[in-house]
Each structure stands twice: as structure tokens, then as C-alpha cells.
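Here the structure comes first, spelled out in C-alpha cells, and everything after it is commentary.
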Ligand SMILES: NC(=O)c1ccc[n+]([C@@H]2O[C@H](COP(=O)([O-])OP(=O)(O)OC[C@H]3O[C@@H](n4cnc5c(N)ncnc54)[C@H](O)[C@@H]3O)[C@@H](O)[C@H]2O)c1
């Protein structure tokens, strides 16, 4: 699409038919005026069944063929992380809008190339941060923004599993294909919503550690993921932790683990302490990767009287909300496109780079 207007219906191609790609397809399918014209993926039978279920005219084994399709408006990317940058840059250079799965790319350098391509082409580059669209996170955001906690000064965000390596031997466990382990896979989500909740403060420095204690011994795997085992060695971390100094003296601690000897639940915890209140949120993910339950407690006082309460979450958004925003941004026209250039996701990629560097060099890294 080399014109500046938006076609109606909007013609979209989805690359990848694993768990993430299936969420994209469901979400695009649910939006009026969007036509999924092509899908790509290497699982032939699955690809054909998805095409039949959603009435998708074109199916390709490789992303290159999809991106070259005529009269396409947008591409969404739900493939192993090493392919995010090549697909996004190729699509943007053809004048297509791009929605990429998280993490943006294997590292900040590749991410920066994607952002530069979006700016150069004047097209939308959005990244799927579905967890910040959860009802509990949105509720907490409204409480913090409304001053309900005063000035937040300390936060801890974690996503930890007992045995949740997304398939031992799959692309997820290869640094060349994934860029990193749970810090890149799970940490990027909790880092994203922590910074979002705290109002996008500047990061001053990070001090991190990373471990690979279970994965290399064949422990900590899970069969609950769509990524296929393909005999790759376990060469990323299975657990990582980062102490992040933010502007204004605020501290953020992030923990991300696919596997460690702990409670078996797959748990996302967030806590934040402010000058007038605190919040603790605990959500768990079911084996089908849905957020199964969540609870948000607010601790505060009214004068000398305890005023703690349990906050009701707002409506859940997840992939549907992200995809709907992507479509809305495209339809809003050129004035809107510049503010969707992937730069928020790039800050996350650069922080995660600094975490890995800090863990490798065993020292604090300034950004
Ligand atoms: N936002 C979320 O909640 C969430 C959840 C899971 C995964 N993800 C992200 O989504 C992406 C995919 O993860 P997944 O778990 O769905 O992986 P997966 O391994 O289950 O699926 C990957 C898909 O990419 C396809 N693919 C690989 N190489 C290709 C090529 N050259 N051309 C066309 N298709 C190709 C595969 O055939 C497969 O369909 C990753 O970036 C991951 O981090 C995001």
C-alpha cells in the first residue's frame, strides 16, 4: 500500500499460527471492516484448518510470500523473535502497517532498526503488550493516576513459574532465535506495565542477575505451549532478577522465571508502595494461557483510620484491545501514525539489553 489513505475493508496478513498468531487471527476476525486476506505458518495442516475456519483466501509457508502480496494494508507478526525485525522492516518498506508480538526484537539494535523503518515509512508500528490491557492493571493505573497512592517510590513486578519453560528444545531456549530467556519473554510484560503504571519514568541504571540451573539439566519444561521442540540446546537463562533505579529515586525490582523450585502456580505479582497508599496485585495464568484469577488490594488510610479495600478490576482487554487499537490507529490517518512508532517497546528492549549486560558483567549498568 503506497498511498496515504486507508482501504475499507482493511486488508491484513498474519504471520505465525502458534498461540500468539491464533490470538491475532481471533482478534482481527472480531473487528468489523477488517479482512484477514492471508496467513503464513509452517504447520501445513494447522494453516489449512485456520484458513477454512476463518475463510482466509491466501496461505503461505513463508513470511516473504505473504509480505509481497498485492493490496495488503497491514501485517501482524507472531513468529519467533529473530524474525520480528526482518519481517517488520520488509513490510514497513513496502508501506504496510505492522503489529509485532513482544518482545520487539532480540535486542535494542534490531528494535531501533524497526522503529527507524516505521518513522522512515511513516507507518504504524505497534507492539503487543496485552498484559497492560488487563482489567486489574487498568484499575490500578486509574488509582495511581488519581493520586490514590500518593507518590509511588518502590515497586516490584514478577512473573514466576515452577515448571514453565515454553517447550524445552524449542526456539524459545536459543539465544540466536529468542534473544533471551524469561527476562525477554515474561519480564518484558511486567516491565512494560510497571513502567506504564509508574508514568514512564526514565531508567537510570540496572543491576541484574540471571541463572540457568534447571533448563540445561532438562528440568522445568512444560508441554502447555505451542512452540515445537526441535532439539535445540537450552542456552538462555531460566530465572532472572533486576534492580532498576528510576528517575526521582524510585526503585523497580523485576523478577522473571520460567522455572525454579517454588509454588507450582504460574503467578504474576505486582506491588507498589507510595507516600499515601500501597497496592498488591496477584494474578495467575491457567495452562491455556488465560489470566485465571486476579486480586488487587489497596492499602491506605483516611486520617487515622485504616481504609484498605479490594479493588474491582475494569474490563479485560488482552489481544483484542491491542489489535483494536492498532486498527483504530491505522484508520485515524497519517496524523496519528507518527505516535505509533514502536518507541515505547524500544525502551523496554534497551532496558532488557542492559539487564543481560549487567548479569554477564556482574555490575550495575547505566542507561
Ligand atoms: N503477547 C503474548 O501474550 C504472547 C504469548 C505467547 C507468545 N508471544 C510471542 O509471539 C511470538 C510467537 O510465539 P508462539 O508461542 O506463538 O510461537 P510458536 O512457536 O508456537 O509459533 C510460531 C509460528 O511462527 C511460524 N513461523 C516460523 N518461521 C516462519 C517463517 N519463516 N515464515 C512463516 N512463519 C513462520 C511457525 O510456523 C509458527 O506458526 C513470539 O514473539 C512470542 O514472544 C506473545
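Numbering (the working numbering), first residue to last: 11 to 377.
From the three backbone atoms N, C-alpha and C, an ideal C-beta is built for every residue, glycine too.
Note that the coordinates shown come from a computational prediction; the quantities given were computed from them, not determined experimentally.
Q) Can the beta-carbon of residue 99 be found less than 8 Å from the beta-carbon of residue 127? A) By one-based count along the chain shown, residue 99 stands at place 89. By one-based count along the chain shown, residue 127 stands at place 117. Yes.
Q. Residue 340 by DSSP, collapsed to three states: which one?
A. One-based indexing of the chain shown puts residue 340 at position 330. Looking at residue 340 - three-state DSSP - the assignment turns out to be helix.
Q. Taking Cβ positions, are residue 51 and residue 58 nearer each other than 8 Å?
A. Taking the chain shown and counting its residues from 1, one reaches residue 51 at position 41. Taking the chain shown and counting its residues from 1, one reaches residue 58 at position 48. Not closer than 8 Å, so no.
Q. For residue 169, which beta-bridge partners are listed by DSSP?
A. Stepping through the chain shown from its first residue, residue 169 is reached at position 159. DSSP lists 266, 278 as partners of residue 169.
Q: Taking only the alpha-carbon atoms, compute the straight-line gap between residue 339 and residue 345 and give it to the nearest angstrom.
A: Residue mapping note: residue 339 aligns to position 329 of the chain shown, counting from 1. Residue mapping note: residue 345 aligns to position 335 of the chain shown, counting from 1. Using only the alpha carbons, I get a separation of about 9 Å.
Q.
With a threshold of 8 Å between beta-carbons, can residue 18 be considered close to chain B, or not?
A. The chain inventory of the structure shown lacks chain B, comprising one protein chain alone.
Q. Just the Cα atoms here: how many angstroms apart are residue 299 and residue 176?
A. Locating residue 299 in the chain shown gives position 289, counting from the first residue. Locating residue 176 in the chain shown gives position 166, counting from the first residue. When rounded, the distance between both Cα atoms is 11 Å.
Q) Exposed or buried, what is residue 359 when buried is set at 16 or more other beta-carbons lying within 10 Å of its beta-carbon? A) Here residue 359 refers to the residue found at position 349 of the chain shown. Residue 359 should be labelled buried.
(Q) Going by C-alpha to C-alpha distance, which of 60, 141, 48, 96 sits closest to residue 325? (A) Start at 1 with the first residue of the chain shown, and residue 325 comes out as number 315. Checked all of 60, 141, 48, 96; the closest Cα to residue 325 is 141.
Q. Which whole-angstrom value describes the C-beta separation of residue 266 and residue 158, a residue pair presumed to lie in contact below a C-beta threshold of 8 Å?
A. Residue numbering aside, residue 266 sits at position 256 when the chain shown is read from its first letter. Residue numbering aside, residue 158 sits at position 148 when the chain shown is read from its first letter. Not quite, the Cβ-Cβ distance comes to about 27 Å (not below 8 Å), so this is no contact.
Q.
Please report the straight-line C-alpha distance between residue 305 and residue 297, rounded to a whole angstrom.
A. Sequence index remark: in the chain shown, residue 305 carries index 295 (1-based). Sequence index remark: in the chain shown, residue 297 carries index 287 (1-based). Looking at the two C-alpha atoms, the distance is approximately 19 Å.
**Q.** Same chain only: Cβ atoms within 6 Å of residue 145, ignoring 5 sequence neighbours per side
**A.** The residue given as residue 145 occupies position 135 in the chain shown. Within the same chain, residue 145 has close Cβ partners 323, 324, 325, 326.
Q: Return yes when at least one heavy atom of ligand 1 lies under 7 Å from the C-beta of residue 193, else no.
A: The sequence position of residue 193 within the chain shown is 183, counting from 1. Not so, every heavy atom of ligand 1 lies at least 7 Å from the Cβ.
Q.
Taking contact to mean 3 or more Cβ pairs, one atom from each stretch, closer than 8 Å, check whether the region 102 to 116 and the region 192 to 212 are in contact.
A. yes
**Q.** Backbone secondary structure at residue 147 - three-state DSSP
**A.** Sequence index remark: in the chain shown, residue 147 carries index 137 (1-based). Under the three-state reduction of DSSP output, residue 147 falls in the helix class.
Q | Top-ranked residue by Cα proximity to residue 190, from 134, 342, 268, 289 | A | Reading the chain shown from its first residue, position 180 is the one you call residue 190. It is 268.
Q: Please go through the same chain and pick out, in chain order, the residues whose beta-carbon is closer than 6 Å to the beta-carbon of residue 12, but skip the five residues on each side of it.
A: As a working note, residue 12 is residue 2 in the chain shown. Residue confidence for residue 12 is low, a pLDDT of 40 falling below 50, so the modelled location carries little weight and cannot support an answer.
Q. Would you say residue 53 touches ligand 1, meaning its beta carbon is less than 7 Å from a heavy atom?
A. Sequence index remark: in the chain shown, residue 53 carries index 43 (1-based). Correct: residue 53 has its Cβ closer than 7 Å to ligand 1.
Q) Below 8 Å between beta carbons: does that hold for residue 165 and residue 366? A) The residue you call residue 165 lines up with position 155 of the chain shown. The residue you call residue 366 lines up with position 356 of the chain shown. For residue 165 and residue 366, no; Cβs fall outside 8 Å.
Q.
Between which residues of its own chain and residue 18 is the CB-CB distance below 8 Å, once the five residues before and five after are set aside?
A. As a first step, residue 18 is located in the chain shown; it is residue number 8 there, counting from the start. If we look at residue 18 and ignore the five residues flanking it on each side, its Cβ neighbours are 43.
Q) Using the rule of at least 16 other Cβ atoms within 10 Å of the residue's Cβ for burial, across every protein chain shown, is residue 250 buried or exposed? A) As a working note, residue 250 is residue 240 in the chain shown. Its Cβ being crowded by 16 or more others within 10 Å, residue 250 is buried.
(Q) Beta-carbon within less than 7 Å of residue 122's beta-carbon, same chain only, minus the 5 sequence neighbours each way: which residues are those? (A) Taking the first residue of the chain shown as position 1, residue 122 is located at position 112. These residues qualify, in order along the chain: 356.
Q) Given residue 337, which residues of its chain have a CB within under 7 Å of its CB, disregarding the five upstream and five downstream residues? A) Here residue 337 is taken as the residue at index 327 of the chain shown, counted from 1. So the qualifying residues of the chain are 20, 41, 44.
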